[in-house]
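Taking it in order: structure first as structure tokens, then the write-up.
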Amino acid sequence: MIQDIENGMINCVVVKDLSRLGRDYIGIGYFTEQYFPQKNIQFIAVNDNIDTENESIQQEFIPFKALLNDFYAKDISKKIKASFYTKRQNGQFIGAFAPYGYQKDNNNKNHLVIEPDTSNVVQNIFMWYLQGENMTSIAQKLNDCGVPSPAVYKMMHTYYQNTNVKYGLWTQQTIKNILSNETYAGNITQGKTKKINYKNKKLKKIPKQYWIVKQNTHKPIIDYTVFQYVQTMLNQKSQKTNQKSMHLLGGLLYCGDCGSSMTFRRNKKGDFILLCSRYTRYGQCSRHQFYEHKCNDIIFNALQTFIKNTPNFKQYHNTIPIDRLFCYKIFIIQMIQKIQFFEQHNTIKMCVYWNFSAP
Numbered sequence: 000m001i002q003d004i005e006n007g008m009i010n011c012v013v014v015k016d017l018s019r020l021g022r023d024y025i026g027i028g029y030f031t032e033q034y035f036p037q038k039n040i041q042f043i044a045v046n047d048n049i050d051t052e053n054e055s056i057q058q059e060f061i062p063f064k065a066l067l068n069d070f071y072a073k074d075i076s077k078k079i080k081a082s083f084y085t086k087r088q089n090g091q092f093i094g095a096f097a098p099y100g101y102q103k104d105n106n107n108k109n110h111l112v113i114e115p116d117t118s119n120v121v122q123n124i125f126m127w128y129l130q131g132e133n134m135t136s137i138a139q140k141l142n143d144c145g146v147p148s149p150a151v152y153k154m155m156h157t158y159y160q161n162t163n164v165k166y167g168l169w170t171q172q173t174i175k176n177i178l179s180n181e182t183y184a185g186n187i188t189q190g191k192t193k194k195i196n197y198k199n200k201k202l203k204k205i206p207k208q209y210w211i212v213k214q215n216t217h218k219p220i221i222d223y224t225v226f227q228y229v230q231t232m233l234n235q236k237s238q239k240t241n242q243k244s245m246h247l248l249g250g251l252l253y254c255g256d257c258g259s260s261m262t263f264r265r266n267k268k269g270d271f272i273l274l275c276s277r278y279t280r281y282g283q284c285s286r287h288q289f290y291e292h293k294c295n296d297i298i299f300n301a302l303q304t305f306i307k308n309t310p311n312f313k314q315y316h317n318t319i320p321i322d323r324l325f326c327y328k329i330f331i332i333q334m335i336q337k338i339q340f341f342e343q344h345n346t347i348k349m350c351v352y353w354n355f356s357a358p
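With numbering that gives the first Met the number 0, the residue at position 266 of the sequence shown is 265, and numbering never jumps.
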């Protein structure tokens, strides 16, 4: 509507009542007092007897009616939150869609029942992981078998639509989400996020100690003892993978075949290796495993070659204005600090910096 007004296609806005224009009294005031008059737009609220072309006493009450509508929306929001909180405390599922492997009970939409087609996939994922397969190989196996990913399956069997589902394939993160989801052990965990307020749809995370966890609310797909053992395996792996953290070249290197970014991982010896992120996430492309020290050698040689083949490099350095040179020096100091930070984790050739910054 706003775009049509800006394009001059609309000269009158008609609503059933003032609340249909909005329940935010600040926004209503802006449109009725500023925006519509500036654009020469006639505004009509039928049930409230408001017509900006015909002045009446009703127009004087627009701010008050807007305030009442805003209060009504806030009151409704509180009541809905209270209702949801009660359902969570009673162990009732209030999500819009059932988790992968389950479906909503036809007789009670707040109760989960096992879905035969997808529950077998969940069981296989846990079985393969217990047998020693990593999450990437499990995702690749499911993709090779043509099993629809949870997002694709949801779009196929519900009204859910998401155009941002990249590739529509199983990923390492998808497998991890399933392995760490306590719903498959018969428990429900809810209240992990909440909206900032009734006017803002943005969600904020809730600390774990305030989550609402209810046990034995539905039939489990995975035995609880098995689930707990898998969590122990995941925690042990997490402690190892957390060591990778950041890398100086992170986000700068890309796969030569598929164009995806290269990700850094530590091997069993603790050394950094590069892997194609599309392979690690989707099981596609290939590993393209490459050792960090070889990468450093290539970059070091390339910088040396660049400096040697640039005869006017020193002249260019002398033509830089003093104020800009001062900014560059600050930037270089910051880079030194960053390099020193990374030196705590792996060896970096400092001569790259010294050769580049030498006058």
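For glycine and all other residues, C-beta sits at the position ideal for the given N, C-alpha and C.
Tell me the rounded alpha-carbon separation between Met0 and Tyr29.
16 Å
Hey, how far is the Cα of Gln303 from the Cα of Arg265?
28 Å
Distance check for Ile61 and Tyr281, CA to CA, integer angstroms please.
56 Å
Close-in-space but distant-in-sequence residues of the same chain around Pro98 (CB under 6 Å, 5 per side omitted):
Thr182
Which residue wins for smallest C-alpha separation from Asn119, given the options Asn133, Lys78, Ile177?
Ile177
CA nearest to the CA of Phe226, picked from Lys203, Met126, Lys236, Gly167
Met126
Closest to Thr117 by CA distance: which of Ala95, Met155, Gly94, Asn106 is it?
Checked all of Ala95, Met155, Gly94, Asn106; the closest Cα to Thr117 is Met155.
Grab me the residues of Asn215's own chain with a C-beta within less than 6 Å of its C-beta, minus the 5 sequence neighbours each way, in chain order.
Gly185
For Asn199, which residues does DSSP report across the bridge?
For Asn199, which the question treats as bridged, DSSP gives the partners Asn196.
What number of angstroms, rounded off, separates the C-alpha of Ile347 from the C-alpha of Asp104?
In this prediction, Ile347 scores a pLDDT of 42, lower than 50, which makes its location untrustworthy; the coordinate-derived value is nonetheless stated afterwards. When rounded, the distance between both Cα atoms is 58 Å.
Using the beta-carbon count (16 or more within 10 Å), is Cys144 buried or exposed?
Answer is exposed; the Cβ neighbour count stays below 16.
So, is Met134 buried or exposed, given that buried needs 16 or more other C-beta atoms within 10 angstroms?
buried
State the CB to CB distance for the pair Ile298 and Gln288, rounded to an integer number of angstroms; the pair is presumed to be in contact (CB under 8 Å).
Under the criterion of beta carbons closer than 8 Å, Ile298 and Gln288 do not qualify as touching, at roughly 18 Å.
Quick check: the region 199 to 210 against the region 74 to 83, are there 3 or more CB pairs under 8 Å?
With fewer than three CB-CB distances shorter than 8 Å, the region 199 to 210 does not count as touching the region 74 to 83.
Within the chosen definition, does the region 83 to 101 reach the region 192 to 202 through at least 3 CB pairs nearer than 8 Å?
no
Taking 8 Å as the cut-off, decide whether the C-beta atoms of Ile9 and Asp16 are in contact.
Not in contact: Ile9 and Asp16 (Cβ atoms no closer than 8 Å).
Member of Leu274, Asp256, Lys218 whose CA lies at the smallest distance from the CA of Gly90
Lys218
Would you say Tyr159 and Val229 are within 8 Å of each other, going by their C-beta atoms?
Contact: no.
DSSP three-state call for Val229: helix, strand or coil?
helix
Pairwise C-alpha distance: Gln139 and Cys257:
If you draw a straight line from the Cα of Cys257 to the Cα of Gln139, it is about 17 Å long.
Alpha carbon to alpha carbon, how far is Gly7 from Ser148? Give it in angstroms, no decimals.
Straight-line spacing of the CA atoms in Ser148 and Gly7 works out to 46 Å.
Who are the near neighbours of Gly21 in its chain, counting only those whose CB is closer than 7 Å to its CB and skipping five residues on each side?
Ile27
For the beta strand (DSSP E) that contains Met261, what are its first and last residues?
261 to 265
Segment limits, alpha helix (DSSP H) that includes Lys80
61 to 88
Where does the unbroken alpha helix (DSSP H) through His287 begin, and where does it stop?
Here His287 belongs to no alpha helix (DSSP H), and DSSP marks it neither H nor E.
Excluding the 5 residues flanking Asn68 on each side, which residues of the same chain have their C-beta closer than 6 Å to its C-beta?
Ser18, Arg22
Can you name, in chain order, every residue of its own chain whose Cβ lies under 7 Å from the Cβ of Asn46, other than the five neighbours on each side?
Lys15, Asp16
Within 10 angstroms of the Cβ of Ala44, are there 16 or more other Cβ atoms? Answer buried if so, exposed if not.
buried
Looking at the strands, I want to know which residues DSSP matches up with Leu274.
Its beta-bridge partners are Thr262.
From Ser259, Asn308, Asp270, residue whose alpha carbon lies closest to that of Arg286
Ser259
Are the beta-carbon atoms belonging to Ile220 and Val146 less than 8 Å from one another?
Taking 8 Å as the Cβ cut-off, Ile220 and Val146 do not qualify as a contacting pair.
So, is Lys153 buried or exposed, given that buried needs 16 or more other C-beta atoms within 10 angstroms?
A residue is called buried when at least 16 other Cβ atoms come within 10 angstroms of its Cβ; Lys153 meets this threshold and is buried.
Which term fits Met261, buried or exposed, when burial requires 16 or more other beta carbons within 10 angstroms of its beta carbon?
That one is buried.
According to the Cβ coordinates, are Glu52 and Gln41 closer than 8 Å?
yes
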